[in-house]
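Participant: Would you mind keeping the following structure in view while I ask a few things?
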Ligand code: GNR
Ligand code: NI
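Numbering (our numbering), first residue to last: 4 to 178.
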């Protein structure tokens with residue numbers, strides 16, 4: 004398992020449309036391991052492949068809040084989504100304050116459908132479909148957007164987005 008470097012705005016890989024995964028082989032299994040390690044290390048609750056510069060349609064998530072009964076530690080609930088597609092959005096919307104590992108330090112309210120159904124391949128290559136709500140539904144939509152080169156700041160006003168991008172460019176120059 005390798006912790007990979009997370010790419011920040013305005014890196015161009017964050018604006019690319021990612022390609023479907025044709026074959027779930029050792030390379031993809033290693034990528035999933037690396038993405039989970041990178042996400043837990045950050046720490047974050049989701050990570051799309053394009054955030055580490057790999058332009059493939061895959062993301063990982065762990066929104067677990069459940070605590071283990073034995074020792075009070077938080078149990079990991081890693082999830083891997085390959086070639087995901089949203090098959091249904093609820094009419095109802097909800098707002099969450101979102102953040103993104105590629106735009107550190109920025110948190111803004113974003114309104115999205117409250118519930119979604121998502122169809123995807125798991126690491127065994129089986130097609131699965133789950134229905135989600137709450138933070139999981141928001142995260143799935145945020146990650147799927149990454150695979151299409153879309154960032155949560157795209158839902159803000161142009162003024163706010165431009166300010167955030169300018170701030171990011173300035174930070175990168177200083178680093
Ligand atoms: O760690 C993350 N937290 C988060 C909070 C609210 C809505 C979405 C997210 S995803 C983010 C990690 C990330 O950038 N994934 O692409
Ligand atoms: Ni993100």
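Note that beta-carbon positions come from the ideal geometry of N, C-alpha and C, so glycine has one too.
Quick one: Cα of residue 149 to Cα of residue 74, how far?
Facilitator: Using only the alpha carbons, I get a separation of about 36 Å.
Participant: Hey, residue 84 and residue 113: beta-carbon distance below 8 Å or not?
Facilitator: The answer is no: Cβ separation not under 8 Å.
Participant: Apart from the five residues just before and just after residue 45, which ones in its own chain have a Cβ nearer than 8 Å to its Cβ?
Facilitator: Cβ within range, chain order: 9, 104.
Participant: Tell me the rounded alpha-carbon separation between residue 88 and residue 147.
Facilitator: If you take the alpha carbons of residue 88 and residue 147, they lie about 8 Å apart.
Participant: If I'm right that residue 86 touches residue 124 with Cβ under 8 Å, what's the distance once you round it to whole angstroms?
Facilitator: Correct: roughly 5 Å between the Cβ atoms.
Participant: When every heavy atom of the ligand FAD is checked, does at least one fall within less than 7 Å of the C-beta of residue 49?
Facilitator: Among the ligands in the structure shown, the ligand FAD does not appear; only the ligand GNR and the ligand NI can be found there.
Participant: Between the Cα of residue 4 and the Cα atoms of 21, 20, 31, 22, which residue gives the shortest distance?
Facilitator: Checked all of 21, 20, 31, 22; the closest Cα to residue 4 is 31.
Participant: Can you tell me whether residue 77 is buried or exposed? The criterion is at least 16 other CB atoms within 10 Å of its CB, across all chains shown.
Facilitator: Classification of residue 77: exposed, given that the 10 Å Cβ count is below 16.
Participant: DSSP state of residue 154, grouped into three classes?
Facilitator: Here residue 154 sits in coil by DSSP.
Participant: Which residues in the same chain have their Cβ closer than 7 Å to the Cβ of residue 175, if we skip the five residues on either side of it in sequence?
Facilitator: Only 11 meet the Cβ criterion.
Participant: In whole angstroms, what is the alpha-carbon distance linking residue 36 and residue 7?
Facilitator: Whole-angstrom Cα-Cα distance: 11 Å.
Participant: Does the beta carbon of residue 41 fall short of 7 Å from some heavy atom of the ligand GNR?
Facilitator: False, no ligand heavy atom lies under 7 Å from that Cβ.
Participant: Does the Cβ-Cβ distance between residue 52 and residue 42 come in under 8 Å?
Facilitator: No, these two residues do not count as a Cβ contact at 8 Å.
Participant: Which class does residue 168 belong to by DSSP, given the choice of helix, strand or coil?
Facilitator: Of the three classes helix, strand and coil, the one that applies to residue 168 here is helix, per DSSP.
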